[in-house]
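Numbering (our numbering), first residue to last: 5 to 110.
For every residue, glycine included, the Cβ atom is placed at its ideal position computed from N, Cα and C.
To start, the structure itself, in structure tokens.
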Amino acid sequence: MQILLDINISKIDDVNMEYSVQLTFRESWVDGRLAYGLPGDNKPDFLILTAGQQIWMPDSFFQNEKQAQKHMIDKPNVLIRVHKDGQILYSVRISLVLSCPMHLQV
Numbered sequence: 005m006q007i008l009l010d011i012n013i014s015k016i017d018d019v020n021m022e023y024s025v026q027l028t029f030r031e032s033w034v035d036g037r038l039a040y041g042l043p044g045d046n047k048p049d050f051l052i053l054t055a056g057q058q059i060w061m062p063d064s065f066f067q068n069e070k071q072a073q074k075h076m077i078d079k080p081n082v083l084i085r086v087h088k089d090g091q092i093l094y095s096v097r098i099s100l101v102l103s104c105p106m107h108l109q110v
């Protein structure tokens, strides 16, 4: 499995020892049960699934998460792409508030 993050730190709160981020969370893995093509066939290279379709997902989490929300402006900001060989790409926009012990000194 591969995980990629594009992070924007929007706020650091030293009083509550937390920080806020907006990020694009992408993870990729292979699920051979979803493979649907052979090399050289005329099937599309990948299929796009909607967020409501059920597939197995890794149990990924942010250990120090205090609050989380997925971005939904007019529709969910989620991409699920299934490649011929069963490789899955899952991408989602998330806002998080994370705890972070801060030992600030002067």
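- If you draw a straight line from the Cα of Leu100 to the Cα of Gln6, it is about 21 Å long.
- Taken atom to atom, the span from the alpha-carbon of Gln58 to that of Gln91 is near 16 Å.
- By the neighbour-count criterion, in which a residue is buried when 16 or more other Cβ atoms sit within 10 angstroms of its Cβ, Val86 is buried.
- For Phe50, the uninterrupted beta strand (DSSP E) segment begins and ends at 50-53.
- Here Val86 is bridged, per DSSP, to Leu51, Ile92.
- Its chain contains Lys74, His75, Val96, Arg97 as the residues whose beta carbon lies nearer than 7 Å to that of Asn81, once the 5 sequence neighbours on both sides are disregarded; these appear in chain order.
- DSSP, read as helix, strand or coil, puts Leu42 in coil.
- Distance between Asp18 and Leu93, taken at the CA atoms: about 35 Å.
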